[in-house]
Each structure stands twice: as C-alpha cells, then as structure tokens.
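Asks: The opening residue of the sequence shown carries number 1 in UniProt numbering; numbering runs sequentially from there. Sharing a structure, written as structure tokens. Questions coming.
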Amino acid sequence: MKVRLINYTKDPEKIVAQSARLCYSALSVEDLEEELTDESTIKLIKKIMKLGHYSVLEHATFTFAIEGISRVTSHQLVRHRLASFSQQSQRYVKINKEGFPYIVPKSISQDKELAKIFIDTIKELDGIYQLLLDRNIAVEDARYILPQAVTTKMIISANARELLLIFKLRCCN
C-alpha cells in the first residue's frame, strides 16, 4: 500500500485555532489572526481537543493519494460520507494481460495450503476475466468476475475532524 499527502490547507493549525477563537471573541478575524503565535495556537488546539470542540477541525482539509488497497478496504473508507472520494473505475480501466494485482490477507498467507488455494483461485478468476474480454464481453460486465482482493487506487479528501474518525475506526493499532 502506498499513501501520499498530495494537498492540504495551508497552516491548518492556524485556521483551526483562529476558528476556535472566533467562536468566543468579539475581535475581528484579522485581529484574531494577528494575536495567534505558534505557542498559543498549539495551546489552544490542545484545549479544544480536551473540551471536545471538534467542529473547528473541519476547516483544515487534507487530500491523499492511495494505491494498492483492496476493494474491501476501499468500501470501508467510502462509508465516511463527510469525505470526498475518487476511485479507479473497473468499468473504464481494463486490467492488463499480465493479470490483476491483488492482496492476500495476512491470515490466509500464513497458512501455506490456504495461500496456495487462494492464489490458484485468483489466477483462475484472472483467466476467466481475460477470456471474457477476449470474447468481446464489455469491460463493465467482465468486471463482475473480479474478486474483492483486486487492488485499487483512490484520492481522498477529508477535513481533520473526519480524518480523526477514520483513523479511530479504520486503522490498526
């Protein structure tokens, strides 16, 4: 799996702190910005996190490019509807003749017998997929034979609050 940060809000800590200050201050936006130092920004962010004032985190956004994840993983990610997703299409992107890339779950790869059955099945499905294409079956129909283990690519944009939730629910320890 490859994950790369490709874009983000400039000075995300400052915009989060400025947003938090705005909620409780009569000062102008410009004055709030001028008052924030690096030290006061970090202190304020720690305070709002402790108080649970997470809505201000929504002003900082991050965009990631992700490659080499399974379709199963991608379907877990797209459950987060406060994020934006673009995923490689199995309808428009034909898998090449060398076979489709796939992921073997660790629990299966640790058992040699199961790993062989799994990989043999993947290869058989790949052969059927190629046969369907060779017989001029439309890619959008041939893709139905592809297993959930096939890898995909995504671009994900989410605000900091949603990222914290994604990390909490979807990441391993």
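Virtual Cβ for every residue (Gly too), placed ideally from N, Cα, C. All values derive from a computational prediction rather than experimental measurement.
How many Å lie between Ala-142 and Asn-7 at the Cα?
Replies: Residue mapping note: residue 142 aligns to position 142 of the sequence shown, counting from 1. Residue mapping note: residue 7 aligns to position 7 of the sequence shown, counting from 1. Distance between the alpha carbons of Ala-142 and Asn-7 is about 35 Å.
Asks: Which first and last residues belong to the beta strand (DSSP E) in which Ala-91 is found?
Replies: Numbered from its first residue, the sequence shown carries residue 91 at position 91. Per the sequence shown, residue 91 should be read as Arg rather than Ala. Taken as a continuous stretch (DSSP letters only), Arg-91 belongs to no beta strand (DSSP E), as it is neither H nor E.
Asks: Is the beta carbon of Thr-61 closer than 7 Å to that of Thr-9?
Replies: Your numbering for residue 9 matches position 9 in the sequence shown. Your numbering for residue 61 matches position 61 in the sequence shown. Taking 7 Å as the Cβ cut-off, Thr-9 and Thr-61 qualify as a contacting pair.
Asks: CB Leu-44 to CB Ala-20, shorter than 7 Å?
Replies: Numbered from 1 along the sequence shown, position 44 holds the residue referred to as residue 44. Numbered from 1 along the sequence shown, position 20 holds the residue referred to as residue 20. Against a cut-off of 7 Å, the Cβ pair of Ala-20 and Leu-44 comes out as a contact.
Asks: Could you tell me whether the stretch 86 to 105 touches the stretch 145 to 160, where touching means 3 or more Cβ pairs closer than 8 Å?
Replies: yes
Asks: Closer than 8 Å by C-beta to Lys-97: which residues in its own chain qualify, once you throw out the five before and the five after it? Chain order, please.
Replies: Position 97 of the sequence shown, counted from the first residue, corresponds to residue 97. Result list for Lys-97: Gln-130, in chain order.
Asks: Are Ala-83 and Ala-158 close, meaning C-beta to C-beta below 7 Å?
Replies: For this step, residue 83 is matched to residue 83 along the sequence shown. For this step, residue 158 is matched to residue 158 along the sequence shown. The answer is yes: Cβ separation under 7 Å.
Asks: Return helix, strand or coil for Ile-137, following the three-state DSSP convention.
Replies: Residue 137 sits at position 137 when you count from the first residue of the sequence shown. Residue state, collapsed to three classes: coil.
Asks: Which residue's Cα is closest to the Cα of Arg-91: Ile-108, His-75, Gly-127 and Leu-133?
Replies: On the sequence shown, position 91 is the one that residue 91 refers to. Among Ile-108, His-75, Gly-127 and Leu-133, the Cα nearest to that of Arg-91 belongs to Leu-133.
Asks: Mark Asp-31 as exposed unless 16 or more other C-beta atoms lie within 10 angstroms of its C-beta, in which case mark it buried.
Replies: Here residue 31 corresponds to residue number 31 of the sequence shown, with the count starting at 1. It counts as exposed.
Asks: Whose C-beta lies closer than 7 Å to the C-beta of His-53 among residues of the same chain, with five residues either side of it excluded?
Replies: Looking up residue 53 in the sequence shown gives position 53. Counting only Cβ-Cβ distances below 7 Å, and skipping sequence neighbours, we find Ala-20.
Asks: Looking at the strands, I want to know which residues DSSP matches up with Lys-10.
Replies: Reading the sequence shown from its first residue, position 10 is the one you call residue 10. Paired residues: none, contrary to the question.
Asks: Hey, how far is the Cα of Ile-95 from the Cα of Pro-147?
Replies: In the sequence shown, the residue the question calls residue 95 occupies position 95. In the sequence shown, the residue the question calls residue 147 occupies position 147. Spanning the two alpha carbons is a distance of roughly 13 Å.
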